[in-house]
Every structure is written in C-alpha cells, then in structure tokens.
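Residues 1 to 124, numbered by full-length UniProt numbering, are exactly what the sequence shown covers, in order.
Backbone N, C-alpha and C fix where the C-beta goes; we use that ideal spot for every residue, glycine too.
Before any comments, here is the structure.
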Amino acid sequence: MMTTRKPQPIPWTHEGTIHLIRAYQEKWYSLSRASLNVSQWEEVASTITARSGLADEDAKSATQCRHKMEKLRRRYRAERQGLGGSSSWPYFHSMDELDRGPFPISARPLTLVPGRDDGNFEME
1 MMTTRKPQPI
11 PWTHEGTIHL
21 IRAYQEKWYS
31 LSRASLNVSQ
41 WEEVASTITA
51 RSGLADEDAK
61 SATQCRHKME
71 KLRRRYRAER
81 QGLGGSSSWP
91 YFHSMDELDR
101 GPFPISARPL
111 TLVPGRDDGN
121 FEME
C-alpha cells in the first residue's frame with residue numbers, strides 16, 4: 001500500500017508576513033476588533049495573494065493565515081512582556097501597532113497652532 005504525502009507548505013516570507021499583518025489589521029479593525037470567521041479569513045488570504053503576486057499553488061490558505069496570526073500574537077505578547085515594550089524581533093513594531101489600534105478621535109494628540117493676534121496657541 002502506497003501512501004501519498006501532502007506537500008509541505010511553502011514557508012512564510014518576511015514580505016508575506018507583513019502583508020498578513022496588514023490585511024488582518026484592516027479586516028480586524030473593520031470588524032471593531034471582533035474575531036474573524038472562516039469567510040473573513042478567506043478574504044485575508046485572498047488579499048495576501050493579491051498583494052504578494054503569488055501563484056495559486058503558492059497562495060496561503062485561510063487556515064494557514066489564521067495559524068500564522070495566532071503564532072505572531074503569542075510571540076508578540078511574549079516579547080512585550082519580557083522586554084517591557086521594546087524588541088529586535090522584526091514584527092514587533094507591526095504587531096504593537098496592531099495591538100494598540102487606531103486612536104479614537106478623542107484620544108489623538110492635539111495639534112497646536114500659533115494664534116493670529118496675541119501669540120497664544122489654539123487647538124486645531
């Protein structure tokens with residue numbers, strides 16, 4: 001009896017990982033940080049394929065994307081906890097940005113501009 005082996009998946013490249021983080025971030029924020037369902041993970045996988053210009057046989061599946069993000073999130077939490085907010089891990093900044101999220105309008109830093117007449121500053 002001959003068994004056929006499933007081909008090994010192609011390892012994630014740095015570029016592919018960055019595309020994954022960005023595509024996931026866009027989808028996750030659009031869902032107000034709710035968990036993604038299967039069809040949404042498929043959208044993330046399609047986005048990565050389009051942005052990376054991958055051939056169909058090299059494309060990542062929704063499951064591969066979900067597993068990779070789970071691993072990235074675990075590693076990010078370990079890096080953040082162990083180093084107090086700084087790391088040489090190449091995905092730390094991207095994952096930190098993802099985790100911290102976009103600032104709501106009320107939390108954005110104020111921009112001060114000089115006033116017209118008296119030299120005082122006004123909030124913009």
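In this structure, the CA atom of A23 is about 20 Å from the CA atom of R77. With respect to the 9 Å criterion, R51 and H19 are classified as neighbours on the basis of their beta carbons. In this structure, R75 and W89 form a Cβ contact; the two beta carbons are roughly 7 Å apart against a cut-off of 8 Å.
Relative to K68, the option among T4, P9 and R5 whose CA is nearest is P9.
In this structure, DSSP gives T17 a helical state, which the three-state scheme calls helix.
For the pair E97 and L36, the Cα-to-Cα distance works out to about 19 Å.
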